Amino acid sequence: MIALYRTGAVCNRIMLRCFSIVLLLFLASCSTARLGQFSQFAATGQIYTVALPKVLDVALQSTIEANSSELVETREKITDPKERADKLAASDKEIQRRAQAFQAIKTQTNLLGAYFTGLAALAESDAGEGLAKSTQDAADDLAKISKVAATLKIGEAPVKDVLGDVVPIVVAAFQRAKLEQVLKATAESVGRSIDIHVALLDQLGVAIRGEQAVAIGITKLKEVDRKYRDAGALPEKWKARRAELLLEQARLGELGEALKAAQKLKLAFVDLVENKSSSASLTLLLQDIQRLISLAERISGKSQTEGA
Amino acid sequence: MPTENEKLAQRTRRNLQEFRMAFTDIRFDTALNALPEEDQKRAARARFGAALAVQRIDNDGFESIAEQLAAQAPRIRAGIAELDEALDDLAQAKAIIDAVASAINLVGRALSLVGIPLPI
Chain A
-6 MIALYRTGAV CNRIMLRCFS IVLLLFLASC STARLGQFSQ FAATGQIYTV
44 ALPKVLDVAL QSTIEANSSE LVETREKITD PKERADKLAA SDKEIQRRAQ
94 AFQAIKTQTN LLGAYFTGLA ALAESDAGEG LAKSTQDAAD DLAKISKVAA
144 TLKIGEAPVK DVLGDVVPIV VAAFQRAKLE QVLKATAESV GRSIDIHVAL
194 LDQLGVAIRG EQAVAIGITK LKEVDRKYRD AGALPEKWKA RRAELLLEQA
244 RLGELGEALK AAQKLKLAFV DLVENKSSSA SLTLLLQDIQ RLISLAERIS
294 GKSQTEGA
Chain B
47 MPTENEKLAQ RTRRNLQEFR MAFTDIRFDT ALNALPEEDQ KRAARARFGA
97 ALAVQRIDND GFESIAEQLA AQAPRIRAGI AELDEALDDL AQAKAIIDAV
147 ASAINLVGRA LSLVGIPLPI
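Protein sequence lines, in the order shown, are assigned to chains A and B.
The numbering used here puts the first residue of the first sequence at -6, with every later residue one more than the last.
The numbering used here puts the first residue of the second sequence at 47, with every later residue one more than the last.
(1) Please determine, among A/I40, A/L53, A/Q30 and A/T37, the residue with the shortest C-alpha to C-alpha distance to A/G198.
(2) For A/L238, which residues of its own chain have a beta-carbon under 8 angstroms away from its beta-carbon, when the five flanking residues on both sides are left out?
(3) Answer with yes or no whether the minimum CB distance from A/F167 to chain B is below 9 angstroms.
(4) Are the beta-carbon atoms belonging to A/I88 and A/T56 less than 9 angstroms from one another?
(5) With a threshold of 16 other CB atoms inside 10 Å of the CB of A/A59, please say whether the residue is buried or exposed.
(6) Of all the CB atoms in chain B, is at least one closer than 9 angstroms to the CB of A/I40?
(7) Assign A/Q205 to buried or exposed, taking buried as 16 or more other Cβ atoms, counted over all protein chains shown, within 10 Å of its Cβ.
(8) Kindly say whether A/E241, judged by its beta-carbon, lies nearer than 9 angstroms to any beta-carbon of chain B.
(9) Measure the C-alpha to C-alpha separation of B/A112 and A/A94 and round it to an integer number of angstroms.
(10) If you measure from the beta carbon of A/K253 to each beta carbon in chain B, is any gap under 9 angstroms?
(11) If you count every other CB in all the chains shown that lies within 10 Å of the CB of A/Y221, and 16 or more means buried, which is it?
(12) Rounded to a whole number of angstroms, what is the C-alpha to C-alpha distance between A/I282 and A/A254?
(13) Between the beta-carbon of A/A114 and the beta-carbon of B/R121, is there less than 9 angstroms?
(14) My output table needs one value for A/R291: the three-state DSSP class, helix, strand or coil.
(15) Does any C-beta atom of chain B lie closer than 9 angstroms to the C-beta of A/G210?
(16) Identify the contact partners of A/V266 in chain B, using a Cβ-Cβ distance below 8 angstroms as the criterion.
(17) According to a CB-to-CB cut-off of less than 9 angstroms, which residues of the segment 95 to 107 of chain A neighbour chain B?
(18) Which residues in the same chain as A/A35 place their Cβ atom closer than 7 angstroms to its Cβ, once the five residues preceding and following it in sequence are excluded?
(19) Taking a contact to mean a Cβ-Cβ separation below 9 angstroms, would you say A/V48 touches A/I189 in this structure?
(20) So A/L258 and A/I187 are supposed to be a Cβ contact under 8 angstroms. How far apart are they, rounded?
(21) Could you check whether the Cβ of B/K87 sits closer than 9 angstroms to any Cβ belonging to chain A?
(22) Pop quiz: A/D71 and B/A90 are said to be a contact at Cβ under 8 angstroms. What is the actual Cβ separation, rounded to whole angstroms?
(23) Are the CB atoms of B/Q63 and A/S84 within a distance shorter than 9 angstroms?
(24) What residue range does the alpha helix (DSSP H) around A/E241 cover?
(25) Is any beta-carbon of chain A found at less than 9 angstroms from that of B/E109?
(26) Within its chain, find whatever has a CB closer than 6 angstroms to the CB of B/R93; leave out the 5 residues flanking it on each side and keep chain order.
(27) Please go through the same chain and pick out, in chain order, the residues whose beta-carbon is closer than 8 angstroms to the beta-carbon of B/A58, but skip the five residues on each side of it.
(28) Where B/L54 and B/M47 are concerned, what is the direct C-alpha to C-alpha distance, given to the nearest angstrom?
(29) Would you mind giving the Cβ-Cβ distance between A/A101 and B/A116, rounded to the nearest angstrom? I have them listed as a contact below 8 angstroms.
(30) Which residues in the same chain as A/T42 place their Cβ atom closer than 8 angstroms to its Cβ, once the five residues preceding and following it in sequence are excluded?
(31) Name the chain A residues that come within less than 9 angstroms of B/E128, Cβ to Cβ?
(32) Give every residue of the same chain whose Cβ lies closer than 7 angstroms to the Cβ of A/K171, excluding the five residues on either side of it in the sequence, and list them in chain order.
And the structure:
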């Protein structure tokens, strides 16, 4: 009976040890997966906050371009110098207003970027590895001084070996707890900020498309349509220029999809808050950001070429 | 949800934008050229007015967005400070363990100095 009891006690100890190991591994994998989710979200958020100022620059550039084209077109009919001067001053004032609003938005976007950077730094901190090394070194030194310390064991393994394995798990759990705490404290305002960015990109889309449509429309009217209507020979590259401008008009539609980036950032944020897998929405978000950057570069490059 | 005023502003903006775009249409341009000079001047003023109104509506929207973002800034700043503190906590934990390790090492060296061999 006693032997049976002893066997049962040994089994219980083994079971307990196995359970502890499984629990530790489970905790480690949970913390690591969750840290990875924080890290991915933070990295994507950082990319978004870097891309947005480029889009704002393009939006401002498009406004100036369309405004200048309209000023030139109306100048032919408005001949009074004072009226011309007033119209130019009124246009400049609105452009400066927009530049200031965009600057304020950039400042707030940088702040959101700093938040994402902080999240990334905490989620990706390698303090766990550093602590494990320090703990291991401390345990080794302790073992050198004391024979007792050298023979201490947890299960079958020496204490000094186990310490090195456990510390990163504890640190990961600490990192995760802190991240969850910050997420909980900031979820409402970060979520609200991303909602505002959704509205911002919607409005930017309408503005960029509208201003680009006006600018391209005026260029096409002057360089292609009037030349065709009016008497005289067509310029040598008329066909090529017409194709170029028609294609540019058609491409304006692409902007709509790319500007859904903030909506996907919001989806990814909701996934993070609700602890759901977010890699699919993050991948789509990265594609949108990539498209945004390409469009911004294309529009910006085109204006520089035309301005030259 | 947009307010009635915002909806009205957006509807007006769309109409004004269509008016601006009409001036880029070759048929509209042809018809305009056939009008008396005074009518063409009026049309040019209306065109400029429409463009300026679109800019003003958009600027109101962007300024409102900037203000809304600024209103969230204090909470986000607090979040950043909390993240910095958490990173400091991690760094401190490392510093404490490093300090303990150095102390143990020092004790070991002191013991060997007074002739007590380390049990390696």
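Ideal Cβ placement from N, Cα and C applies to all residues, glycine included.
Keep in mind that this is a model prediction, so the values were computed, not measured.
Answer, in terms of the structure:
(1) A/L53
(2) I209, T212, K213, E216 and V217
(3) yes
(4) yes
(5) buried
(6) no
(7) buried
(8) no
(9) 6 angstroms
(10) no
(11) exposed
(12) 6 angstroms
(13) no
(14) helix
(15) yes
(16) Neighbours of A/V266 on chain B: none; closest Cβ ~13 angstroms, over 8 angstroms.
(17) F95, Q96, A97, I98, T100, Q101, T102, L104, L105 and A107
(18) F109, L112, A113 and A116
(19) no
(20) 5 angstroms
(21) yes
(22) Strictly speaking, residue 71 of chain A in this sequence is Ile, with Asp absent from that position. Indeed they touch by this definition, with Cβ atoms about 6 angstroms apart.
(23) no
(24) W231 to R244
(25) yes
(26) F69
(27) In the sequence under discussion, the amino acid at residue 58 of chain B is Thr, which differs from the Ala named in the question. The residues are A99 and I103.
(28) 13 angstroms
(29) Just to set this straight, residue 101 of chain A is Gln in the shown sequence, not Ala. Correct: roughly 6 angstroms between the Cβ atoms.
(30) T102, N103, L105, G106 and F109
(31) G111, K171, Q174, V175, A178 and T179
(32) L115
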